[in-house]
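Working notes, beginning with the structure itself.
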Amino acid sequence: MISLVETWTKPTDSLEIEGFKAIHRRNCNDTRKPFGQITYLKNDLKYENITERCEYSGKDHIEYCSIKIDDICTISVYNSPNSSFDVLKRHINEVISI
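Printed below as a string of structure tokens:
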């Protein structure tokens, strides 16, 4: 699994990795900025999406996705340096309770 955060990517950008498939991707809409997340998984691995979330409100910006492969749950999180620690804790508690 490869997880990239703050990718600055736009929907037209091609970021293919041989032998991997993009299972989650969030891009910048119009202008490149410190935003975006891409999660790749090896082509032959089976997985289950658990949750994807993006919250952007003023200074708080957090996004994450989680997947399950067999008995392992993997969570990829981006938390903006301007976001409060309480926002991060709330989202982590939310995703681990699923």
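In our numbering, the protein residues as written are 404 to 501.
Just so you know, even glycine gets a beta-carbon here, dropped at the ideal spot from N, CA and C.
Please tell me whether residue i and residue j are closer than 7 Å, where the distance is taken between their beta carbons.
{"i": "residue 443", "j": "residue 470", "result": "no"}
{"i": "residue 498", "j": "residue 472", "result": "no"}
{"i": "residue 432", "j": "residue 462", "result": "no"}
{"i": "residue 439", "j": "residue 430", "result": "yes"}
{"i": "residue 467", "j": "residue 480", "result": "yes"}
{"i": "residue 465", "j": "residue 427", "result": "no"}
{"i": "residue 415", "j": "residue 441", "result": "no"}
Given 6 Å as the limit, tell me if residue i has its C-beta closer than that to any heavy atom belonging to the ligand MG.
{"i": "residue 493", "result": "Only the bare structure without any ligand can be found here, which leaves the ligand MG out of the picture."}
Per DSSP, which residues does residue i bridge with? Please list them.
{"i": "residue 500", "result": "None, per the DSSP bridge assignment."}
{"i": "residue 495", "result": "Per DSSP, none; premise fails for residue 495."}
Alpha carbon to alpha carbon, how far is residue i from residue j?
{"i": "residue 489", "j": "residue 457", "result": "16 Å"}
{"i": "residue 445", "j": "residue 408", "result": "18 Å"}
message = Could you tell me which whole beta strand (DSSP E) segments of length 3 or greater appear in the segment 417 to 489?
response = 423 to 429, 440 to 445, 451 to 460, 463 to 472 and 475 to 482
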